[in-house]
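Encoded as C-alpha cells, the structure appears first; notes follow it.
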C-alpha cells in the first residue's frame, strides 16, 4: 500500500491544534520549549500503550485512570520534558494537577486530559512554572503548532521527530500524523518513550486499541538504543473522526488500510528515534527473514540490535559478523543456527559474510566501504519459514557514555 | 566458614602441573603466551558447565563429547587464546586434533583431554603453531606453572585471574584453586568465559557436578560486563583426590564445606572478572537482600548491574539512583516495587538514596565522595522476604567502546 507523506506532524489530521512554550521546569539557558499541549476540536476516541516497567511514572498511572473513567475519550494532551515526575511521593498529585489546570484552561473535564512527562527520574516536579505555562499554551494553540510541540518534548534528542501520511477510506481523505521523543533509555516493551499520534479517520475505541497494540509490536517494540526500558513509555493514538469516513468498527479492508497507515507513521518515527539514539553516528536496521514465526523474527532481530559488542563494531566500521552470530545464538527462540545466513549492506553495497552458520570469505576493503556509511542494514535469513521482522537501533559510541556519565548535571 | 587464601592458582591443589607458551596463533609483537596446558598426575573426576548460546564453540562441543565418552574422567586441559575456533566449518576437526596432539604428548587417551579456545569468532584456527607448541607445553609442565598458564588464556584481560584456598575435610588438608579469563562478551548463562578449577579434595563425579552447577548460579552467572553471552563459555572443575580424604559421594557436612570452598574460589574469580571488565574503571557489586526467593534476588541484582545507563552514571560518579529503580522495575520478577530501599556505598561511606520506592534527600557532595572510589556497592532491600544474592559488574566507559570498536584489528 502506498501512502502520501505530508507535513504537519501531530497537527496533520483535521481538527488538531498544538502549542509549546518554555516555562523553566529546569534552568535552561537556551530556553528550549519544555511543555506542550495538543487539543482536538471535538472529542476523540483514544487508545494507549504504556511501559511494562514496575516503576511507572505518575503521569502513566494518571493517564490510564483518566481513560478508564472517560471510557477511552479524550480531548487534550499536556506533556512536559526535563522532569519525568517518577519515583516522587507527590507524583500522582502533581500529574492530576496538570490535568486539572489543562481542563480549566480548555473548559473540559480533567479525565479528558492525557498527561505525560519525560526527563530525570526521582526529582520533585516544580508545579509553579506549569501553573503559569498552561494558560499560555491554551492561548497559543494553533493548527500549525506541531513544531512548537515536537520541540517541547525533546530531552537529549538532537532533532524533533514528526511524520504524517494521507490515505483514503470510504471515499474520504484521511490524515494521520505523530510526534515522538526519545534518545536514551530506549528498549520498549509495549511502547516507547513518548509518542503521540493523531488522526481524523473515524475508528471505534476497541479497533483503535487493537490497531495500536498490533503495530506497536512490530515498530516501537522493535527498537533498542541501550536496552534500558523507560519508566514513562507512553504511546497514545487519538482519532477525532473529522474525515467523516464511516467509523471503522470491525476488521476488514478499511481496518487494514488504517493499520498500514499507522505502520507507516510508527515505523518512520521508530527509525527517527533509532537514528537519533544518544551519541549515535549510525542507524542500524536489522531485517530477519524466513523465520518460523513472527515472534522468532522479532526476537532474533532485536537481539542483534541490542548487542553492545556488535554496536561497538559498527561504530568502528568493523565487519565483525561473529558478533552477529553470537547475538543470534543467545536470542531466546527455537530455531536451527546451522541454517542461518547473514549479509551486511548499506547504500554502498551488500556482502555475504555468513552462510549456514559459518563464515565465508569476503573482501575486508569492500566491507569497510559498506560499513563506513551512516545507515547500515543487517540481513539475517533463518531459512526455516516465511515470517519477517525489522528491528532498529544505533551504534554504541564515546558520546553515549559521555551523555550518560553526566546526565543530571 | 573461614578459608585460608593461598598462592598457586590452578596448581595449588596437590598433583596439578601447568605450563604456557607463545606459539603465534595470531601475530603478536609482545609474544604474550597464547596456549596453556594443565595436567594432573592421576585421573580426575570432572564436572563442567557450558554456554547456553545456540552458537557453541567447537571446543565446547568436543569437550562435552569427550567427557561423555570417558564417563566424567579427564587428565589434561589444552586451551588457547587469540582464536575462539567458533563458526568455522572445520572447527570440530581442529578441536579434536588439539586433543589428539595433547593425548599423544602425554601418553593418555584423546577423550581424557578438555579442550577450550577463546578469542575472535569466525576465523579459521591455524593448527601449525599448535602442533609445534603441544610438545613444548608437555616438556615445560611444572607444579609452579600456574602463572604461565593463567597468562596464556588472557585476551583483552589486563590482569591474570587466579585464586586458591585451603580447607579441611575428614581430617585431611584439601586445596582448591582456579584460573579464569574474560573481559568482554560477559553475561554468562550457566558458565562464563573460561574458568578452570582444580582440587585435590576427593569428590565423586555426580557430587562434583552438583556443587559446580549450584555455585555457578550464584557466582559466574551473577556477573555481567556487557550483556553479551559468549559462545565459548566453559567452566571446568577437576578433582584428583590426592588429599586422600574419604571421597564425598553424598550431601552432608563435608559436601557443604566443599561447596563453601568452591564459592570462595568462584566468587573471588567472578569479582576479578568484573573488576577487569573491558574498559572498566570501577567494580560494581550489587547486593539484593530481603527478597521473596533466591531467583528474584539474582534477577534484580543482575538487572541493575546490566543497565548501560546506570553503568554510565557510575563512570561519571553520578548518584543517579532513579536509574537503579528503573532497572529494578524492568527486572522480570514478581515483587512490590513500593517497598524497595536503595543505598549506595564504598569504602568512603554509605548513603540512603531511596526508601519505599521513592527518593529521599541526600548530600550530593557525600554521594560524589562515595562514588569517586573504584569499588562501589549498591545495596537493594526488597523488604519482602529473606533471600539474598550478589551480582558483579563494572562501569561503561569510553574505553569499552574503543576496545570493541576495533577488536579484530
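Residue numbers (this note's numbering), protein chains in the order written: chain A, 40 to 448; chain B, 40 to 448.
The beta-carbon is built from N, C-alpha and C at its ideal position, and this holds for glycine as well.
query                                                                                                                                             : result
Proximity test, Cβ basis, 9 Å: residue 360 of chain B and chain A                                                                                 : yes
Chain B contact residues for residue 418 of chain A, given Cβ-Cβ distances below 7 Å                                                              : Per Cβ cutoff of 7 Å: no residues; residue 418 of chain A is ~17 Å from chain B at best.
Those residues which DSSP pairs with residue 380 of chain A across a bridge                                                                       : A/420
Buried versus exposed call for residue 347 of chain B [16 or more other C-beta atoms within 10 Å across all chains shown]                         : buried
Nearest-angstrom Cα separation, counted from residue 397 of chain B out to residue 128 of chain A                                                 : 6 Å
Endpoints, alpha helix (DSSP H) assigned at residue 139 of chain B                                                                                : 130-145
Sequence-distant residues of the same chain with beta carbon closer than 6 Å to residue 318 of chain A, five excluded per side                    : 436, 438, 439 and 442
Contacts that residue 411 of chain A makes with chain B (C-beta to C-beta distance below 7 Å)                                                     : The premise fails here: residue 411 of chain A is roughly 13 Å from chain B at the closest Cβ pair, so nothing lies under 7 Å.
Cα-Cα separation between residue 57 of chain A and residue 82 of chain A, rounded to whole angstroms                                              : 15 Å
7 Å Cβ cut-off: residues of chain B touching residue 355 of chain A                                                                               : 444 and 445
Contact between the stretch 44-58 of chain B and the stretch 199-219 of chain B (3+ Cβ pairs under 8 Å)                                           : yes
Simplified DSSP state of residue 414 of chain A, which is helix, strand or coil                                                                   : strand
Interface flag, residue 374 of chain A vs chain B, CB-CB below 9 Å                                                                                : yes
Whole-angstrom distance between residue 97 of chain A and residue 248 of chain B, CA atom to CA atom                                              : 48 Å
Beta strand (DSSP E) segments (min. 3 residues) lying fully within the stretch 192-229 of chain A                                                 : 200-208 and 211-220
Same chain only: Cβ atoms within 7 Å of residue 394 of chain A, ignoring 5 sequence neighbours per side                                           : 380
Continuous beta strand (DSSP E) assignments of at least 3 residues falling wholly in the stretch 297-385 of chain B                               : 322-330 and 380-385
Selected residue, minimal CA-CA separation from residue 189 of chain B, among B/320, B/103 and B/234                                              : B/234
Contacts around residue 252 of chain B, its chain only, beta-carbon distance under 7 Å, and the 5 residues preceding and following it disregarded : 88
Whole-angstrom distance between residue 84 of chain A and residue 343 of chain B, CA atom to CA atom                                              : 39 Å
Cβ-based contacts, 9 Å cut-off: residues of the stretch 157-190 of chain A near chain B                                                           : 159, 160, 161, 162 and 163
Chain B contact for residue 91 of chain A (CB, 9 Å cutoff)                                                                                        : yes
Proximal residues to residue 331 of chain B (C-beta, below 8 Å), its chain only, five neighbours per side dropped                                 : 373, 374, 421, 423, 424 and 426
Contact between the stretch 153-166 of chain A and the stretch 105-125 of chain A (3+ Cβ pairs under 8 Å)                                         : yes
Among B/133, B/308, B/338 and B/76, the one whose alpha carbon lies nearest that of residue 113 of chain B                                        : B/76
Beta-carbon proximity check, residue 367 of chain B vs residue 376 of chain B, cutoff 9 Å                                                         : yes
Status (buried if at least 16 other CB within 10 Å, exposed otherwise) for residue 216 of chain A                                                 : buried
Residue 254 of chain B and residue 218 of chain B closer than 9 Å at C-beta                                                                       : no
Assigned secondary structure, residue 257 of chain A (DSSP; H/G/I helix, E/B strand, else coil)                                                   : helix
Other residues of its chain near residue 337 of chain B: CB distance less than 8 Å, five sequence neighbours each side excluded                   : 256, 257, 260, 261, 327, 428 and 430
Pairwise C-alpha distance: residue 241 of chain B and residue 296 of chain B                                                                      : 13 Å
Under 9 Å between C-beta atoms of residue 307 of chain A and residue 293 of chain A                                                               : no
N-terminal and C-terminal residue of the beta strand (DSSP E) that residue 88 of chain A is part of                                               : 74-89
Local conformation of residue 429 of chain B per DSSP, three classes                                                                              : strand
Residue 64 of chain A in three-state terms, based on DSSP                                                                                         : coil
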